[in-house]
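Here the structure comes first, spelled out in structure tokens, and everything after it is commentary.
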Amino acid sequence: MNDPTASVEIPNLPPQLAGLQKIALNLWWSWNARAQNLFRSIEAYLWQECGHNPIKLLRMLDKEHYEKLLGNEAFLQEYHYVYALFRRYMEQKSDCSDIPPIAYFCAEYGLHRSLPIYSGGLGFLAGDILKEASDMNLPMVGIGFMYPGGYVHQVLDSSGWQQGQSEQIIKEEAPIEKVLDEKGEHLLLQVPLIDPPVYVNVWRVNVGRVSLYLLDTDIEQNDPWDRSISYRLYTSDLHQRLRQQIVLGIGGYAVLERLGIDFSLLHLNEGHPAFALFERLRHFIHKGYDFKKALQKVRQTSVFTTHTPLLAATDVYGFDIVSHYFGDFIKDLGIDTQTLLSFGIDPQNPSDGFNMTALALRLCHYKNAVSKKHQKVAAQMWQKLLEETSSKIEAITNGVHIQTWISGKLEEELDKTLGSQWPRFQEDPDIWYKSKELDNRFIWETHSKHKIHLLSFIQEKARKKWGEGVPDPSIILAEGVMLDPEIFTIGFARRMTEYKRPDLILHDLDRLEKILNHPYRPVQIIFAGKAHPADIPGKKIIQRIFNAAKDPRFQGRIAFVEDYGEELAKYMVKGCDLWLNNPKLPLEACGTSGMKASINGVLHCSTLDGWWPEGYNGKNGWAFGVDPSDDSQDAAQLYDLLEQEIVPLFYDRDEDGLPQGWIERMKEAITSVSPRFSARRMVQEYYDKFYSKIKEYYATSTRRQTSP
Ligand SMILES: *Cc1c(COP(=O)(O)O)cnc(C)c1O
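Quick note: the sequence shown uses this note's numbering, first residue -14, plus one each step.
This is the structure we're talking about:
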């Protein structure tokens, strides 16, 4: 955190309010309700219009506006309070400073909409881990990519076909700072041993007490092809993808060295950054270790998390292109090409090519899958490799950063019911047990407000789109302008891809029509999600849903909301009644959106895949589906559940209009899911199973060195 940086200017900000810039430039504000309320209180409508981006807001205000704030006693008081809260948080000394500093590598981070460097679940998990490491005061730094072209910004044409547009990152409005070199220039670095040379600029994102460094290749020192290396996430061009991963792994490692960041533990989130292990190996060899010792040291100090149960989803490169790019590297390591290539071979599929997951599994002693179910699948997938290395894959089930995803209103009430210290003990089920005492009327009224917020947000999006001009007004109708806050609402939002079966509920349209247009228990469904630009079947599913949304027979009760991202997700996981998830077994490694929904009392209804076999207790949501998955049977079970159990329970009201049975389930979801699927529990598990072991490794290896 001590490296010099330059941040964007806030033109009219008076020195008395300089703290606002400091708060805006640290994403700490995004998980602190009071800091958010402070920005909201400046100008509520603008805050909404700016997409809750405080840097954008502060840059838009004129002198007059700031004058007015300086004369507003109540505002100043709250400003001083929040600024003090922020400084206290930042200055708190770590009580786990005894563990070796952790360098965390990931190809994407989902932190906030103002920094669109994520595509989905993997990124949000990485973002939540950094936030939690900050809250727990673990010594961690993150390494990632600046993608100037963002991820696809989703726009559907009038036939419902997803048109990819790039969502340019506006650097002046993003929560980033330039890392500076000794001369005060933007830090520029050459990625080691890659020919022709590639250069990167380095940016810093402040995630509470954790620094995340982003590598940017879109700079004038690179030729156009190199500039475009980090242009966008997960390019389908294999060469470019390999070069991306070289820059991330090897360049990322070089950035840490250049900044003099002392880290002794590497945590790789998914296979994309696995080349960092090569650079670490080279580093140890240069320090004087022989090859075998260096290899052992890399293994003993590195952690790898795998996120997919699908071999097709791992990155595999031809041996020829890997040896092409790593020619100089191999020479520098003093090994032969065969040895280097052998690290990436999957013994179950040796001729496939160089597999990034195999590389990471082989060179990291500590490894995990992301749910108990995924662990079983992964252990089979990599059985031979695990035997060869005499190692195992543990299960560490994902979790979500509670204060990021929970409703601010609910959080305030929890302060009263659980005691204001609850965040410190949030992984303790006993603490959460008391949330059963939350007032049912409060729960229901809060939920109803969230639902209204969600529908207003959707309608506001549609209104803007209408204003921009559309070829066909039915596009606007399909976006959800006819949704009704009184009606039972199902949410389905995630990446649109075949194995997640987003259109399962459309399996029998006649039966669905009866459910949606029921005379006194109507139902509506909100869909959202992007397809990867190269995923044609995913785009076809979107088109199918969009056409159903436009179809008058469903009377406006199906909506497809464009451009799913962090902002819409925050509204949906609070404002829907039911969170539907129906992946084909066993293809969902974990899933996290259902956790976000559950901690807000939005009930999860899911096939028994990913985290749900661990999370479902019979009272906190619903489970359906057969194993192995069968679309017809699964859809039929879902319709039965909706007709016979779920919808009737929702509409069963007492004399005060409260659905008591439903609210009991909401409370059960909050109580049972929050502690066990919190990022706190997850990071604590990483600590217990991996980080603390590596700490012991260092302790014993130092002792050995110093003893005579
Ligand atoms: C949490 C989240 C995801 C991941 O959800 P899954 O259930 O794992 O598919 C994807 N996108 C956004 C915007 C999220 O917030």
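Using N, Cα and C, we set each Cβ at its ideal position, and we do this for glycine too.
Query: Coarse secondary structure for S686, derived from DSSP in three states; Result: helix
Query: Rounded separation between M(-14) and S215 - CA only; Result: With a pLDDT of 47 at M(-14), under the threshold of 50, the modelled position of this residue cannot be trusted; read the value that follows with caution. Rounded to whole angstroms, M(-14) to S215 spans 24 Å at the Cα level.
Query: Local conformation of L197 per DSSP, three classes; Result: strand
Query: R689 to L262 span [Cα, whole Å]; Result: Caution applies to R689, whose pLDDT of 49 falls short of 50 and renders its modelled position unreliable; the model cannot decide the point.
Query: 8 Å contact criterion, which F675 and Y351 should meet: CB distance rounded; Result: 4 Å
Query: Completely contained alpha helix (DSSP H) runs for the region 549 to 591, where each covers 4 or more residues; Result: 551 to 560, 578 to 583
Query: Bounding residues of the beta strand (DSSP E) (the contiguous stretch that carries F90); Result: 87 to 90
Query: CA-to-CA distance, I437 to K394, given in whole angstroms; Result: 14 Å
Query: Paired residues, beta bridge with S151 - DSSP; Result: V137
Query: Inter-residue spacing [alpha-carbon to alpha-carbon] between E157 and R44; Result: 9 Å
Query: Local conformation of V611 per DSSP, three classes; Result: coil
Query: CB contact flag (A664, D113, <8 Å); Result: yes
Query: Top-ranked residue by Cα proximity to I378, from W390, Q365, H386; Result: Q365
Query: Nearest-angstrom Cβ-Cβ length linking G149 and I527, presumed shorter than 8 Å; Result: The pair is not a contact, with the Cβ atoms about 12 Å apart (cut-off 8 Å).
Query: Contacts around G646, its chain only, beta-carbon distance under 7 Å, and the 5 residues preceding and following it disregarded; Result: L634, D637
Query: Neighbourhood of D400 by C-beta, 8 Å cutoff - its chain only, sequence neighbours within 5 removed; Result: W407
Query: Range of the contiguous alpha helix (DSSP H) that encloses E264; Result: 261 to 271
Query: Opposing strand residues paired with W188 [DSSP bridges]; Result: K163, L199
Query: Distance, Y66 Cα to P568 Cα; Result: 46 Å
Query: Buried/exposed call for T691, threshold 16 Cβ in 10 Å; Result: The pLDDT assigned to T691 is 42, lower than 50, so where the model puts this residue is not dependable, and the model offers no usable value.
Query: Residue range of the unbroken beta strand (DSSP E) whose run includes L244; Result: Counting along the chain, L244 falls outside any beta strand (DSSP E), and DSSP gives it neither H nor E.
Query: Any non-hydrogen atom of ligand 1 closer than 7 Å to Y238 Cβ; Result: no
Query: Where the beta strand (DSSP E) containing Q509 begins and where it ends; Result: 508 to 513
Query: Contact under 8 Å by Cβ, T431 with S405; Result: no
Query: Whole-angstrom C-beta distance between L12 and H97, which should lie under 8 Å; Result: 6 Å
Query: Within 8 Å, strictly: CB atoms of G452 and P487; Result: no
Query: Environment of Y505 [buried if 16+ CB atoms lie within 10 Å]; Result: exposed
Query: beta-carbon G312 near ligand 1 non-hydrogen atom, thresh 7 Å; Result: no
Query: Segment limits, alpha helix (DSSP H) that includes F427; Result: 425 to 453
Query: Y74: CB within 7 Å of a non-hydrogen atom of ligand 1; Result: no
Query: Spatial distance of T(-10) from L227 (CA atoms); Result: 30 Å
Query: Buried versus exposed call for A343 [16 or more other C-beta atoms within 10 Å across all chains shown]; Result: buried
Query: Selected residue, minimal CA-CA separation from G193, among L325, Y103, N17, T592; Result: N17
Query: Segment limits, beta strand (DSSP E) that includes Y351; Result: 351 to 354
Query: N-terminal and C-terminal residue of the beta strand (DSSP E) that S287 is part of; Result: 287 to 290
Query: Q139 versus F662 - alpha carbon distance; Result: 30 Å
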